[in-house]
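Asks: Encoded as structure tokens, here's the structure I'll be asking about.
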Amino acid sequence: MIKLFVSDLDGTLLNESKAVEQHNIDALKQLREQSIDICLASGRMDNEILKIANDVEDSFHRISQNGAYVMTNENHSLHEKVFEHEVASKLYSLTRLPDKLTIVCSNHTNFVEEKTEIVEQIEKLMFFPIEVEAAMQTEIGVSLAPSKITVLGEDAGLLTLQRELAEAFPNEIDTYISAPKCLDIMPKSISKGNAIQLLIEHLQIKPKEVACIGDSFNDIPMFKLTPNSFAMSTAPEAVKKEAAHVVDSVSEAIQIVLKQNEPSHVS
């Protein structure tokens, strides 16, 4: 019996217009009718997830910044974690490269040193403005306590950077390619999988009672948590291989879950 359904946002529940399509909204309502809890898990900030919840007129458990923050649907905080100041400062220095864009993320605001045309284009993908902090290097650890550092650039260069950072900070960070041309750097042991585990313990359910869906490498930790995992058909092949099922939409995954929960399928 599935008691919790967890969905990624970008490339999964959200379409290219940053909206939840009606067939997915209707499917989420079906979960509600069956008293199944819902969690939205994303690399986005918590206030962005809240906006999506408000748009579909519902209240969800929320995992933001890839698991740095975990909030219940009653706004109770189960977890929050930021980088140690010295680590964040070093990471920013190492990722501040001419051919890449580095975004420093808190739970409610994204920061860049300078508002460029590229930043303005990226801003269109977000629900809230990107703020400028010209003195980023000196403010990290003072006015800024980052929970995530995102680096944008060409895929090959990001993979090289990912390997270099993993070697330089083996005990301090985890890294994920969360979307094409996007590398997320997180404090150690921060992942959607670990965040869901905290929520599971709070809800007093079992991993096999969770279903999850996503489309990127940062979704693999939650795929590994439960046998009821779904990858979007648009996901990279390496991601799809980690999931138990491949589907075209969140609504399709939900129909499978509802079918699985029918009395004739529950042992």
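Residue 233 in full-length UniProt numbering sits at position 233 of the sequence shown; the count goes up by one each step and never skips.
Cβ coordinates follow ideal geometry from the N, Cα and C atoms, glycine included.
On a predicted model such as this, the values are computed, not experimentally measured, just so you know.
Would you mind stating whether P170 and V104 have Cβ atoms separated by less than 7 Å?
Replies: Not closer than 7 Å, so no.
Asks: Mapping DSSP to helix, strand and coil, what is E74?
Replies: Here E74 sits in coil by DSSP.
Asks: Span of the beta strand (DSSP E) holding D8?
Replies: Counting along the chain, D8 falls outside any beta strand (DSSP E), and DSSP gives it neither H nor E.
Asks: By how many angstroms is the C-alpha of D215 removed from the C-alpha of V239?
Replies: The alpha-carbon atoms of V239 and D215 are separated by roughly 7 Å.
Asks: Measure the CB-CB distance between H202 and L78 and report whether it falls below 7 Å.
Replies: Yes, they are a contact pair.
Asks: Is the beta carbon of A253 closer than 7 Å to that of I213?
Replies: Taking 7 Å as the Cβ cut-off, I213 and A253 qualify as a contacting pair.
Asks: In terms of residue numbering, what span does the alpha helix (DSSP H) encompassing G214 cover?
Replies: Premise fails: G214 lies in the beta strand (DSSP E), V210 to G214, not in any alpha helix (DSSP H).
Asks: Would you kindly work out how many angstroms separate the C-alpha atoms of Y69 and P263, rounded to a whole number?
Replies: Their backbone Cα atoms lie some 35 Å apart in a straight line.
Asks: List, from N- to C-terminal side, the alpha helix (DSSP H) runs of 4 residues or more that fit wholly inside the segment 152-213.
Replies: Within the segment 152-213, the complete alpha helix (DSSP H) runs of at least 4 residues are 155-168 and 192-203.
Asks: Using the three-state DSSP reduction, which class does F128 fall into: helix, strand or coil?
Replies: Correct three-state label for F128: coil.
Asks: Looking at R62: is its Cβ nearer than 7 Å to the Cβ of D37?
Replies: No, they are not a contact pair.
Asks: Checking the sheet assignment: what are the DSSP bridge partners for I38?
Replies: BP columns for I38 point to F5.
Asks: Relative to the C-alpha of G43, which candidate in V112, Y92 and D8 has its C-alpha closest?
Replies: The option with the nearest alpha carbon to G43 is D8.
Asks: I need the straight-line Cα distance from G141 to D174, nearest angstrom please.
Replies: In a straight line, the C-alpha of G141 is about 19 Å away from that of D174.
Asks: Please name the residue, chosen from G67, E113, N75 and L4, that lies closest to I185 on a Cα-to-Cα basis.
Replies: Comparing Cα positions, the closest option is G67.
Asks: Relative to the alpha-carbon of E172, which residue among K192, N54, H85 and T226 has its alpha-carbon at the smallest distance?
Replies: Nearest C-alpha to E172: H85.
Asks: Going residue by residue through the segment 85-126, where are the continuous beta strand (DSSP E) segments of at least 3 residues, counting only ones entirely within it?
Replies: Segments of the beta strand (DSSP E) lying fully in the segment 85-126: 101-105 and 110-112.
Asks: Would you check if the segment 182-199 and the segment 21-35 touch, i.e. whether three or more CB-CB distances between them fall below 8 Å?
Replies: Too few Cβ pairs lie closer than 8 Å, so no.
Asks: Output the distance between the C-alpha atoms of T102 and Q204, rounded to the nearest integer angstrom.
Replies: The straight-line gap from Cα to Cα measures roughly 39 Å.
Asks: What is the DSSP secondary structure of K51, counted as helix, strand or coil?
Replies: Here K51 sits in helix by DSSP.
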